[in-house]
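Novice:
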Amino acid sequence: MLYRAPRGTADILPQKQAHWRHVEQVAVSLCQGYGYQRLDCPVFEDTGLFTRSVGEDTDIVAKEMYTFADKGGNSLTLRPEGTAPVCRAYLEHGMPNLPQPVKLYYLAAIYRYERPQAGRLREHHQFGYEAIGDADPAIDAEVIDMAWQFFASLKLSRLSLQLNSIGCKKCRPAYLAVLKDYYAGYTDNICPECKIRLKRNPLRLLDCKKSSCLQIASQAPRSIDHLCPECGGHFNQLKEYLGLLQIPFAVNHRLVRGLDYYTRTVFEIQPEGGSAQSTIGGGGRYDDLIEELGGKPTPALGFAAGMERIILNLKQQKIPIPPLPQPRVFITYTGEELKKEALKLAASLRKSGVSAIEATGSRSLKAQLRQANSLGIPCAVIVGEEELKKGTVILRDMTTATQKPVPISKLPKILG
RNA sequence: GUGAGUGUAGCCCAGUGGUUUAAGGCGCCAGGUUGUGGCCCUGGAGAACGAGGGUUCGAAUCCCUCCACUCACCCCA
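Residue 873 in the numbering used here is what sits at position 315 of the first sequence, and the numbering runs on without skipping anything.
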């Protein structure tokens with residue numbers, strides 16, 4: 559073998575397609591139900607779009623991007639997340655002039671250069687959606703409700719919704735100062751990474767999983783205690799709305815998310831008892847991002863879920879998946895000459911809307927039927943010499959092993 | 001980027017007291033009399049034992065390097 563799929567990528571084989579199509583179909587009908595329209599963006603974008611929006615100091619930008627120069631010398635990057643391209647398209651196509659909020663969804667491949675591991679790939683796929691142009695906490699509630707309903711429709715159970723508010727550019731600096739003050743008393747006790755975080759990205763101190771840091775983090779000042787009145791009101795209303803919608807949530811003071819653009823509401827959905835990297839979906843508000851990308855100040859929020867992780871959980875929870883449609887009829891023949899009749903019959907059946915496969919090669923009838931059986935096709939047609947003289951073929955029901963001669967002209971009707 | 005484990009046919013794997021046809025199961029193909037599947041029986045194809053190098057008379061089995069996969073850390077979906 560000369561080549562294999564690149565590290566961290568995976569072929570989605572035919573036997574896995576039922577899961578994929580099912581999750582996609584649930585996602586698409588969910589979006590229709592909430593008034594979201596599909597947007598497909600390019601796989602690569604100007605590198606600046608991501609460095610500017612995601613943040614220079616995030617892991618994604620610092621070490622995980624697939625960045626390359628094209629032949630014109632432009633620096634392009636395979637998208638490492640889905641929100642920034644949607645915002646770019648929102649601005650590029652004048653969507654600020656549409657009635658707000660603009661609601662968009664996507665199903666897209668995402669690229670991050672990481673060490674592959676359970677539930678983590680270099681190329682993975684996300685289903686995500688964004689509501690742009692609305693600051694009302696009611697839209698936060700709707701976005702979270704939609705995520706919750708998505709997993710409910712997939713029949714996934716034992717999920718937990720973690721919620722937090724990390725404030726806005728007005729109140730966060732004061733909170734970060736308090737947080738730094740607190741950690742200043744522990745500089746000798748925190749791990750080396752946290753020492754870097756303290757300088758670069760203090761919010762991230764809160765989600766260090768090292769046991770020593772964990773304890774310090776759990777006692778740390780909480781962002782929700784330092785919200786400005788507007789952010790505090792927003793968060794309180796959101797919680798009220800979620801209660802109204804009967805969505806169970808847990809406020810997690812250490813939930814901060816890894817991208818810089820988040821403001822106010824952040825949330826994550828994880829399987830109960832899952833490990834740190836088992837999050838299947840997450841999102842939040844990003845009220846400054848559109849402005850950062852050159853638009854007018856525009857509040858917005860969104861959510862994204864990992865397809866591979868969803869499917870992993872569907873399998874773990876042994877949730878039955880609807881099978882994909884397959885051909886109804888397998889057409890066999892009893893001799894080389896009759897192959898021509900089989901070929902014509904298959905073509906005419908398809909024209910009348912009956913999906914059909916015909917046997918090929920010069921295999922015995924036994925082998926042909928064996929093939930029909932192993933493909934799981936419910937009906938077999940046998941084109942035989944004797945029957946053909948009378949204008950009939952044998953129709954065999956593979957599930958009951960019964961068969962009878964049927965006029966060829968009536969086949970489409972019987973099978974249709 | 002760091003750490004640990006693994007690497008034998010399409011899949012699951014036996015075989016490491018060194019040597020000569022590398023075993024089995026699943027799957028695949030063909031037969032089990034004349035035009036018929038699923039069970040059973042028989043037979044067949046399919047592996048230079050991840051790659052390269054080394055030690056040796058001789059290595060899938062020992063040593064080195066590389067690669068890939070898996071898992072964990074970091075971080076995320």
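Just so you know, even glycine gets a beta-carbon here, dropped at the ideal spot from N, CA and C.
Using the DSSP secondary-structure output, state which residues sit across from Y664 in a beta bridge.
Specialist: Start at 1 with the first residue of the first sequence, and residue 664 comes out as number 106. Y664 is bridged by DSSP to G686.
Novice: Consult DSSP for N747 and reduce its assignment to one of helix, strand or coil.
Specialist: If you number the first sequence from 1, residue 747 lands on position 189. N747: coil per DSSP, three-state reduction.
Novice: Run through the stretch 730-796 for me and flag every whole alpha helix (DSSP H) of 4 or more residues, listed as ranges in chain order.
Specialist: Every alpha helix (DSSP H) stretch that sits fully inside the stretch 730-796 and reaches 4 residues is listed by chain position as 730-742, 750-758 and 769-776.
Novice: Is the stretch 685-704 touching the stretch 750-769, taking contact as three or more C-beta pairs under 8 angstroms?
Specialist: no
Novice: Taking its Cβ as the centre, do 16 or more other Cβ atoms sit within 10 Å of I869, making it buried, or is it exposed?
Specialist: Indexing the first sequence from 1 puts residue 869 at position 311. Answer is buried; the Cβ neighbour count reaches 16.
Novice: Contact between the stretch 710-727 and the stretch 683-692: three or more CB pairs below 8 angstroms?
Specialist: Verdict: no, contact absent.
Novice: Return the chain-ordered ranges of every beta strand (DSSP E) run that is complete within the stretch 848-876 and spans a minimum of 3 residues.
Specialist: You should have 858-864.
Novice: Express the C-alpha separation of E700 and I827 in angstroms, rounding to a whole number.
Specialist: Counting from 1 along the first sequence, the entry for residue 827 is found at position 269. Counting from 1 along the first sequence, the entry for residue 700 is found at position 142. Looking at the two C-alpha atoms, the distance is approximately 15 angstroms.
Novice: Measuring only the C-alpha atoms, how far is L1051 from L721?
Specialist: Residue 1051 lies beyond the stretch modelled for the chain, which goes from 559 to 974, so this question has no answer here.
Novice: Spell out a yes or no on whether the stretch 899-907 and the stretch 594-606 are touching, meaning 3 or more CB-CB pairs, one atom from each, closer than 8 angstroms.
Specialist: no
Novice: If you run the structure through DSSP and keep just helix, strand and coil, what is E826?
Specialist: Translated into positions along the first sequence, residue 826 becomes position 268. Correct three-state label for E826: strand.
Novice: R646 by DSSP, collapsed to three states: which one?
Specialist: Your numbering for residue 646 matches position 88 in the first sequence. If DSSP states are grouped into helix, strand and coil, R646 belongs with the helices.
Novice: Beta carbon of L953, beta carbon of Q961: below 8 angstroms?
Specialist: Position 395 of the first sequence, counting from 1, holds the residue named residue 953. Position 403 of the first sequence, counting from 1, holds the residue named residue 961. In contact: L953 and Q961 (Cβ atoms closer than 8 angstroms).
Novice: Just confirm the distance between the C-beta atoms of G677 and E866, as a whole number of angstroms; I'd bet it's less than 8 angstroms.
Specialist: Taking the first residue of the first sequence as 1, we reach residue 677 at position 119. Taking the first residue of the first sequence as 1, we reach residue 866 at position 308. The beta-carbon separation of G677 and E866, rounded to 7 angstroms, stays under the 8 angstroms limit for a contact.
Novice: Distance, Cα to Cα, V809 vs R673?
Specialist: Position 251 of the first sequence, counted from the start, is the residue given in the question as residue 809. Position 115 of the first sequence, counted from the start, is the residue given in the question as residue 673. Rounded to the nearest angstrom, the two C-alpha atoms are 31 angstroms apart.
Novice: What's the C-alpha gap between D955 and P965?
Specialist: Locating residue 955 in the first sequence gives position 397, counting from the first residue. Locating residue 965 in the first sequence gives position 407, counting from the first residue. Answer to the nearest angstrom: the Cα atoms are 16 angstroms apart.
Novice: At what residue ranges does the stretch 912-959 contain a whole run of the alpha helix (DSSP H), taking only runs of 4 or more?
Specialist: 923-933 and 943-947
Novice: For I838 and A862, I'd like the C-alpha separation in whole angstroms.
Specialist: Locating residue 838 in the first sequence gives position 280, where the first residue counts as 1. Locating residue 862 in the first sequence gives position 304, where the first residue counts as 1. The straight-line gap from Cα to Cα measures roughly 9 angstroms.
Novice: Using DSSP with H/G/I as helix, E/B as strand and the rest coil, what is R596?
Specialist: Sequence index remark: in the first sequence, residue 596 carries index 38 (1-based). The answer is strand: DSSP assigns R596 an E or B state.
Novice: For Y819, which beta-bridge partners are listed by DSSP?
Specialist: Position 261 of the first sequence, counted from the start, is the residue given in the question as residue 819. Beta-bridge pairing links Y819 to no other residue.
Novice: Using the C-alpha atoms, what's the distance from G853 back to G840?
Specialist: In the first sequence, residue 840 corresponds to position 282, counting from 1. In the first sequence, residue 853 corresponds to position 295, counting from 1. Each residue's alpha carbon lies about 25 angstroms from the other.
Novice: Could you tell me the distance, in whole angstroms, from the CA atom of R843 to the CA atom of T635?
Specialist: Here residue 843 is taken as the residue at index 285 of the first sequence, counted from 1. Here residue 635 is taken as the residue at index 77 of the first sequence, counted from 1. A direct Cα-to-Cα measurement between R843 and T635 gives close to 24 angstroms.
Novice: Nearest CA to the CA of D845: which residue from L662, R670, D692 and E582?
Specialist: If you number the first sequence from 1, residue 845 lands on position 287. Answer by Cα proximity: D692.
Novice: Would you tell me roughly how many angstroms separate the C-alpha atoms of G911 and G791, rounded to the nearest one?
Specialist: If you number the first sequence from 1, residue 911 lands on position 353. If you number the first sequence from 1, residue 791 lands on position 233. Roughly 59 angstroms between the two C-alpha positions.
Novice: Would you please state the rounded distance, in angstroms, between the beta carbons of P695 and Y799? I believe it to be under 8 angstroms.
Specialist: Taking the first sequence and counting its residues from 1, the one referred to as residue 695 is at position 137. Taking the first sequence and counting its residues from 1, the one referred to as residue 799 is at position 241. Confirmed, Cβ separation roughly 6 angstroms.
Novice: Within 10 angstroms of its Cβ, does P731 collect 16 or more other Cβ (buried), or is it exposed?
Specialist: Residue numbering aside, residue 731 sits at position 173 when the first sequence is read from its first letter. Looking at its Cβ environment, which holds fewer than 16 other Cβ atoms inside 10 Å, P731 is exposed.
Novice: Mapping the DSSP letters down to three states, classify E582 as helix, strand or coil.
Specialist: Translated into the one-based positions of the first sequence, residue 582 becomes position 24. Three-state result, E582: helix.
Novice: Going by other Cβ atoms of all chains shown within 10 Å of its Cβ, with 16 needed for buried, is D611 buried or exposed?
Specialist: On the first sequence, position 53 is the one that residue 611 refers to. It should be pointed out that residue 611 corresponds to Ser in this sequence rather than to Asp. It counts as buried.
Novice: From the DSSP secondary-structure annotation, give me the bridge partner or partners of R610.
Specialist: Taking the first residue of the first sequence as position 1, residue 610 is located at position 52. Bridge partners of R610: none, in fact.
Novice: Tell me which same chain residues have a C-beta within less than 6 angstroms of the C-beta of D615, skipping the five on either side of it?
Specialist: Translated into positions along the first sequence, residue 615 becomes position 57. Result list for D615: R758 and N759, in chain order.
Novice: Can you tell me whether DSSP reads G840 as helix, strand or coil?
Specialist: Numbered from its first residue, the first sequence carries residue 840 at position 282. Shown here, G840 sits in a strand according to DSSP, grouped into three states.
Novice: If distances are taken between C-alpha atoms only, which option among E751, S718, S769 and Q777 comes closest to G743?
Specialist: Residue mapping note: residue 743 aligns to position 185 of the first sequence, counting from 1. Residue Q777 is the option with its Cα nearest to G743.
Novice: Give me, in chain order, the residues of the same chain whose beta-carbon lies closer than 7 angstroms to that of K897; leave out the 5 immediate sequence neighbours on both sides.
Specialist: Your numbering for residue 897 matches position 339 in the first sequence. Contacts found: Y891.
Novice: With respect to the alpha helix (DSSP H) encompassing V619, which residues constitute its N-terminal and C-terminal limits?
Specialist: If you number the first sequence from 1, residue 619 lands on position 61. Segment D617 to K621, the alpha helix (DSSP H) holding V619.
Novice: For A914, does the count of other Cβ atoms within 10 angstroms reach 16, so buried, or fall short, so exposed?
Specialist: Position 356 of the first sequence, counted from the first residue, corresponds to residue 914. Label assigned to A914: buried.
Novice: In the DSSP output, which residue or residues are listed as bridge partners for L636?
Specialist: Residue numbering aside, residue 636 sits at position 78 when the first sequence is read from its first letter. According to DSSP, which records beta bridges pairwise, L636 is partnered with F602 and Y624.
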